[in-house]
Every structure is written in structure tokens, then in C-alpha cells.
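J.:
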Amino acid sequence: MNKEEQMLQKRLLELSSIAYQRDIVTFSDFLNLNELHILQSIPKNELSTRYELFGGYEYAERQMVAFLPDALCYEYEYPIDVLRVSAVHRKYAESLTHRDYLGALLNLGIERSKIGDLAVTDDFCLIFCHADMSDFIYKEFTRVRHTLISVEKMQLSEFHYMPERTEIKGNVSSIRLDSVLSSAFPMSRSKLVGYIEGGKVFVNGKMITSNGYRLKENDIISVRGMGRIQYDSVISETKKGRYFIRLYKY
């Protein structure tokens with residue numbers, strides 16, 4: 002691990018220790034896939050408490066960690082707010098991308114760790130952010146590129162978001178990670194293997210570098226820079242021992 006990764010690991014251990022010593026729930030900022038992998042790589046006996054993950058909605062990629070003391074005797078909420086951003090004048094709005102929204106937010110001086118996933122559609126963008134940043138974003142976030150925008154606060158407790166997904170059916174020789182990925186991301190085997198062995202593929206937030214890793218039903222596979230898929234199940238098996246599988250691509 003490099004110095005930043007070591008500091009993150011130390012901070013996560015510290016948050017777990019505080020939760021244990023004070024019998025309170027402690028929260029991290031939003032963690033990316035690599036940071037979640039660092040968390041999951043910490044031996045359980047080195048953590049003082051158990052933990053749970055949440056990013057504002059099911060299947061979120063960037064997630065907060067909640068460290069939970071054994072004597073938890075109260076309900077808790079993650080410090081996550083959701084903001085809906087849309088163009089003031091839809092007729093004159095530019096076609097804005099995830100990169101446009103994220104760049105505009107970071108230009109306000111907001112740290113990346115305070116921002117979770119951005120869910121971008123043709124008409125609006127949902128921003129999942131740390132609760133201590135929502136008022137600032139609400140007041141200061143007024144423009145993306147040349148498009149004037151408005152920001153609406155939403156109640157996370159009353160909010161349900163499910164990302165759009167496309168069903169994919171494939172025919173594979175095994176339920177190995179490389180075989181399943183080839184059904185969702187058509188590319189040469191050498192390039193696909195390079196992604197896996199290069200540490201760019203995560204299963205349920207954990208980095209997997211083995212091409213032969215065997216997937217389980219409902220595993221979420223994230224490929225950095227390419228998107229996410231959910232391995233659903235085997236639909237049927239052929240007489241020759243091949244598998245028809247169902248995936249969902251986000």
C-alpha cells in the first residue's frame with residue numbers, strides 16, 4: 002500500500018475503535034472501489050466493531066462505512082443527502098455528462114470523498130452527498146458548463162432510486178469471472194485479462210485479480226471506467242456442459 006492507502010486504513014481502524022470505546026456509530030466519508038477493497042482487506046480481528054455499507058441507494062458504487070458497536074441501542078441514519086439537479090431552461094440546456102457535473106462540483110472546492118454517486122439522466126442529475134455539504138451545494142451550485150441549473154433537496158428516507166439496467170443473456174463455458182465479463186463487455190481476451198489482473202475489476206467492492214474467480218448469484222461486478230453488471234443466474238445448461246446465463250448491465 003502507498004502512504005495514502007496506509008493513512009486510510011489507519012483512519013478506518015480509528016473509527017472502529019471510537020465506535021467501540023464510546024458505544025456510538027461512526028461513519029467514514031464515501032469510499033471508492035479501491036478504498037472499499039482496503040477496508041475489506043483489514044483482518045476482522047484488527048477491527049473493534051462490525052460494519053455496514055451504504056451509498057444512498059441499492060447498488061451504489063461509492064459507499065460510506067458505518068462502524069457499529071456491540072451495544073447498539075438506538076436507530077441511526079447515514080449522513081447522506083440526495084439533491085436533484087436540473088436545468089433552469091430545459092430548452093437551451095446542453096447535453097451534460099457525469100464528468101461535467103462532477104467537474105463543476107469539484108471546482109467549488111468540494112472534496113471528492115464528500116460526494117457519492119452521481120446518477121445522470123437526460124433530464125436531471127441526482128447527487129448523493131455527505132449531509133454536511135448539502136446546504137453548500139444547494140446554495141453555490143448554480144451552473145454546469147454554460148447551463149444554469151436549479152437544485153432541489155430530497156428526503157432520503159422517502160426516496161427510492163433504482164438505476165436503469167439492461168438485461169443481457171450469454172452462453173459461457175463456465176461461471177468464471179473472465180467468461181461472464183466477456184458476455185457483458187465484448188473485447189479481446191487479452192484485454193479482458195489485462196483489466197482483471199491489472200486490479201480494475203471488483204466483485205461486491207473487493208478487488209479480484211484471478212480470471213478463474215467463480216461468481217455467485219447476484220454478485221455485483223464493477224469494471225473501472227466501463228460500468229457495472231449484476232450476475233443474476235444460470236438459466237439453463239446445455240448437453241455439452243455450457244451455461245446460458247442472465248446478467249444486468251447498469
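Every number in the working numbering is 1 more than the matching position in the sequence shown, counting from 1.
Ideal Cβ placement from N, Cα and C applies to all residues, glycine included.
Taking Ile19 as part of the alpha helix (DSSP H), name the residues at either end of that continuous run.
T.: 4-23
J.: Please list the terminal residues of the continuous beta strand (DSSP E) segment that includes Tyr162.
T.: No beta strand (DSSP E) contains Tyr162, which DSSP labels as neither H nor E.
J.: With a cut-off of 8 Å on the beta carbons, I'd call Val86 and Ile150 a contact; round off their distance for me.
T.: Contact between Val86 and Ile150 holds: CB atoms are separated by about 5 Å, below the 8 Å threshold.
J.: Please name the residue or residues paired with Ile128 in a DSSP beta bridge.
T.: Leu84, Leu119
J.: Could you check whether Tyr249 and Ile230 sit closer than 8 Å to each other, using their CB atoms as the reference points?
T.: yes
J.: Under three-state DSSP, which class holds Met227?
T.: coil
J.: Identify which residue in Leu73, Asp101, Leu193 has its Cα closest to the Cα of Gly213.
T.: Leu193
J.: Using three-state DSSP, classify Ala212 as helix, strand or coil.
T.: As written in the sequence, residue 212 is Asn, which differs from the Ala given in the question. Residue state, collapsed to three classes: coil.
J.: Which full runs of the beta strand (DSSP E) of 3+ residues lie inside the segment 32-76, going along the chain?
T.: 51-55, 65-69
J.: In this structure, what does DSSP give as the bridge partners for Gly200?
T.: None, per the DSSP bridge assignment.
J.: Ordered along the chain, which non-local residues of its own chain (more than five positions away) have a Cβ less than 7 Å from that of Val89?
T.: Leu149, Ile150, Ser151
J.: Take Thr167 and list the residues in its own chain whose beta-carbon comes closer than 6 Å to its own, dropping the five residues that flank it on each side.
T.: Scanning its chain for C-beta atoms nearer than 6 Å, with the 5 sequence neighbours on each side dropped, one finds around Thr167 the residues Lys250, in chain order.
J.: Kindly identify the DSSP beta-bridge partner or partners of Arg146.
T.: BP columns for Arg146 are empty, so no partner.
J.: With the cut-off set at 8 Å, would you say Gly206 and Gly117 are in Cβ contact?
T.: no
J.: Following the continuous alpha helix (DSSP H) through Ile138, name the residue where it begins and the one where it ends.
T.: 135-141
J.: Per DSSP, Lys154 forms a beta bridge with which residues?
T.: Leu84
J.: What number of angstroms, rounded off, separates the C-alpha of Ser96 from the C-alpha of Tyr102?
T.: 11 Å
J.: State the Cα-Cα distance for the pair Ser29 and Cys130, rounded to the nearest angstrom.
T.: 12 Å
J.: Is it buried or exposed for Ala72, if we count other Cβ within 10 angstroms and need 16 for buried?
T.: Label assigned to Ala72: exposed.
J.: Would you mind stating whether Val83 and Leu127 have Cβ atoms separated by less than 8 Å?
T.: Inclusion of Val83 and Leu127 in the CB contact set at 8 Å is warranted, their separation being smaller than that value.
J.: Roughly how many whole angstroms lie between the Cα atoms of Gln64 and Lys240?
T.: 42 Å
J.: In three-state terms, what does DSSP make of Ser1?
T.: Residue numbering for the chain in the displayed model covers 2 to 251; residue 1 lies beyond these limits and cannot be assessed.
J.: With a Cβ-Cβ cutoff of 8 Å, do Arg100 and Lys170 count as a contact?
T.: no
J.: State the DSSP-derived secondary structure class of Gly171, mapped to helix, strand or coil.
T.: strand
J.: Applying the 10 Å Cβ sphere with the 16-neighbour rule, what's the burial state of Val181?
T.: Burial call: buried.
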